[in-house]
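Here is the structure we will look at.
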Amino acid sequence: MLRRNLLRLPAFAALLGLAGPLRAAVSGLDDFHQALEKRRWLLAFRSVPEFAYEADARIRGRLPEGLRGSLFRNGPARYEIGDFRYQHWFDGDGMVQAFRFADGGIRHQARIIETNKFRAEQQAGRALYAGFGTLPPDPRPVTSPDTTNTGNISMLAHGGSLYALWEAGSPWRIDPESLDTLGAHAFSPETRGAPFSAHPRIEPDGTLWNFGYSSGAGMLVLWHLDAAGRVRRTGLVPCTPMGMPHDFVVTERHLVLLIPPFHYEPDEATRTFMQAHRWHPERPTRVLVVDKADFSQYQWLELPAQWVFHFGNGWEDGNGVIHFDGARNVDPLEMIEGFARVMDGESYTGSPTRHHRYTLDTRAGTVREEPMFEADMESEFPVIDPRVSGRRNHRLVMLSRSAAEPHEHPMLDSVTVYDADRDRATRFRYPAGVVPEEHLFVPAPGSAPEGNGWVVGTALNYATERTELHVFDVEAVDAGPVASAELPYALPLGLHGKYVAA
Amino acid sequence: MFRHIAAGTLAIGCLGISGPALAAELTIRIHDIPSGGGQIMIAVLGSEAAFDGKEPAIASLILPATASEITVSTSALPPGSYALRVMHDRNGDGEMNSNLLGMPTEPWGFSNDASGSFGPPGWQAARFDLTDQTSQNIRLNH
């Protein structure tokens, strides 16, 4: 029995998505800290000095009465162990934060996510594993995706539980009160350790849809969970070569994934997961359209080569036509080079990300795209009112910057609200020295979908060395924040969050 | 055949081979065993074909997973080339459980700590020469 049952064991190693001999890289720790003296915006990528924070925020203005709940956020935060510094932003250990709104004030908490990786490295006192874009000296073998799962991308509140999400392994269950890490979560025995992306989409009734990708297996995993977090169905769709999809689109009837031609092609020179990929601008972006009711029913379409980290929303009319929008880049060079350079204290100029709308006809088997805004508007982190997820939305909130304006740093500097009914974008540009992070649409209690609400987002003020939070009226973002909060410390730039009403 | 050193007992199990005249001593230490019970299953493989599952294992052994490390030894194997495959059958169903992608969902390990981290571990990575006194320390991956 033993012999037979161990037969499958070796095969799984190929699923990990890494290959090649190991060689240690040189750490850019000294370079970074020297550069930080000159380029203060690099505070955005400074390793957190502590693993836990707790403080009351100082409030300016008046927080709206209806804003009662918690904003949970996540992002890479710890980049240095001993004298070793990671070489890619995405390799940082995740830190979970809670901004708790109550009685006109905000209590802030932050805790490092105690993943298997974090615990093993704390015990060893050094970096141990090859990550997304870093290979530490004398690495230990990566024996499953969860070995290097930093849980550092986003948050999910679902079925009464809170999770920190990575994209190629298990969700980490987080205690919503203490922010303690409770462990890697399996939704079912069959899905233990299976990839669960950082961008699940939740329907108004609580139904959750997600995907995951296994580069080594050349397989997409599709997830359908009920509102209580139980697995209703999973599906597998072969996808070779795999292309590092980060987000997807869910409509009333379909799931849509874009597989960019950033292809997984490991060879002898491969050192890290990112290095195992090659950009092929001459190849198409493959578009997968899956029937939500039957995961075995799908079709593949094609778009020109492009890189889309994030989609705003998707919806469909009664004629089988899907409309969706996303932050489109011509290539992933900002991720490949930019997010590595900042770790060494360098700046970068990436290709601008321009928001596009897509029209996909499931019956004709066609898909087309067009830019939504003027050419000098760059944008990312598109979000909508979560109550209209998968339905037609009339508002879109995103971070942006204008190429026509001078900038001190390579990040975005504005928050923009797009009103689709009036085809009008309004914008608030943060003052110099302030770098906004993802801003969310937070509905006002009792309001109609996309009615009253606020835009709530955090920002790093590198001039004052403080992390801030700002609240805007969704209808008048250009008027500036109605209330702001300041923490007594600065945390590095994070990625995604979720607001949970009290 | 096997002596369970941790428990100080003798002869846990012998699976059909008799000790040859020129026996060598193999000591197997398995560590990083997670708590929560279950059983540790060890397969002794005597050839590449056995490693690849085309021939039966020379011997297999099942021990209760009662501690974070277990040490067993045997003098029943003749000198030669071997590999060890270890799994921690946490739920006691006798199977190496795997998820929908075929990835193991229970802890496992190989001789030489061959992990297959950057490609599947093969016979060459896991094989070792058993001489008169040989030890193998195997970390369970989980």
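These protein sequence lines map, in sequence, to chains A and B. Each residue of the first sequence is one higher than the one before, starting from 96 at the first, in our numbering. Each residue of the second sequence is one higher than the one before, starting from 7 at the first, in our numbering. Just so it is clear, CB atoms sit at the ideal spot from N, CA and C, and this is done for glycine as well. Computed from a predicted structure; not experimentally measured.
Asked: In whole angstroms, what separates the C-alpha of residue 591(A) from that of residue 414(A)?; Found: 34 Å
Asked: Tell whether a beta-carbon distance below 7 Å holds between residue 143(B) and residue 114(B).; Found: no
Asked: Mapping the DSSP letters down to three states, classify residue 102(A) as helix, strand or coil.; Found: Note that residue 102(A) scores 32 on pLDDT, short of 50, meaning its location in the model is unreliable; the coordinates nonetheless yield the value given after this. Coil.
Asked: Could you give the DSSP three-state label for residue 446(A): helix, strand or coil?; Found: coil
Asked: Strictly below 8 Å CB to CB, what residues from chain B border residue 499(A)?; Found: Residues of chain B passing the Cβ test: none, with the nearest at roughly 47 Å.
Asked: Using a Cβ cut-off of 9 Å, pull out every chain A residue sitting near residue 83(B), in sequence order please.; Found: Within chain A, no residue comes near residue 83(B); the closest Cβ sits about 16 Å away, beyond 9 Å.
Asked: Could you work out which residues of chain A lie near residue 121(B), taking near to mean beta carbons separated by less than 7 Å?; Found: 236 and 238
Asked: My parser needs the beta strand (DSSP E) runs of 3 or more residues fully inside the region 367–405 of chain A; what are they?; Found: 372–374, 380–386 and 389–398
Asked: Which residues bound the alpha helix (DSSP H) around residue 129(B)?; Found: 129–132
Asked: Does residue 80(B) have its Cβ less than 7 Å from a Cβ in chain A?; Found: no
Asked: Compare the C-alpha of residue 509(A) against each of 547(A), 551(A) and 546(A) and name the closest.; Found: 551(A)
Asked: Please classify residue 109(B): does DSSP put it in a helix, a strand, or coil?; Found: coil
Asked: Cβ atoms of residue 398(A) and residue 384(A): under 7 Å apart, would you say?; Found: no
Asked: For chain B, check one thing: does any of its Cβ atoms lie closer than 7 Å to the Cβ of residue 134(A)?; Found: no
Asked: Could you compute how far the alpha carbon of residue 193(A) sits from the alpha carbon of residue 434(A)?; Found: 25 Å
Asked: So, is the C-beta of residue 329(A) closer than 7 Å to a C-beta in chain B?; Found: yes
Asked: Are residue 267(A) and residue 248(A) close, meaning C-beta to C-beta below 7 Å?; Found: no
Asked: Going by C-alpha to C-alpha distance, which of 546(A), 299(A), 317(A) and 559(A) sits closest to residue 526(A)?; Found: 559(A)
Asked: Does the separation of the CB atoms of residue 327(A) and residue 274(A) fall below 7 Å?; Found: no
Asked: In the DSSP assignment, find the beta strand (DSSP E) that holds residue 277(A) and state where it starts and stops.; Found: 276–279
Asked: Quick one, which of 64(B), 58(B), 92(B) and 87(B) has its alpha-carbon nearest residue 116(B)'s?; Found: 92(B)
Asked: CA-CA distance, residue 252(A) and residue 477(A)?; Found: 19 Å
Asked: So is residue 335(A) in contact with chain B if we call contact Cβ pairs under 7 Å?; Found: no
Asked: Going along chain A in order, which residues have a C-beta closer than 7 Å to the C-beta of residue 105(B)?; Found: 285, 286, 287, 288 and 289
Asked: Does the CB of residue 147(B) have a neighbour CB from chain A at under 7 Å?; Found: yes
Asked: Excluding sequence positions up to five away, which residues of its chain have a Cβ less than 8 Å from the Cβ of residue 583(A)?; Found: 150, 153 and 561
Asked: What would DSSP say about residue 482(A), mapped onto helix, strand or coil?; Found: helix
Asked: May I ask you to verify whether the region 83–99 of chain B touches the region 44–58 of chain B, counting CB pairs closer than 8 Å and requiring at least 3?; Found: yes
Asked: Less than 7 Å between CB atoms is the rule here; does residue 312(A) satisfy it with respect to chain B?; Found: yes
Asked: What residues of chain B sit near residue 326(A), judged by a beta carbon separation below 9 Å?; Found: In chain order: nothing, as chain B lies at least about 10 Å away.
Asked: Is there a Cβ of chain A sitting closer than 7 Å to that of residue 65(B), yes or no?; Found: no
Asked: Assign residue 74(B) to buried or exposed, taking buried as 16 or more other Cβ atoms, counted over all protein chains shown, within 10 Å of its Cβ.; Found: exposed
Asked: When Cβ atoms are compared, which residues of the region 295–322 of chain A fall closer than 8 Å to chain B?; Found: 309, 312, 314 and 316
Asked: Are the CB atoms of residue 138(B) and residue 56(B) within a distance shorter than 7 Å?; Found: no
Asked: Rounded to a whole number of angstroms, what is the C-alpha to C-alpha distance between residue 494(A) and residue 513(A)?; Found: 11 Å
Asked: Where does residue 129(A) fall in DSSP's three states?; Found: helix
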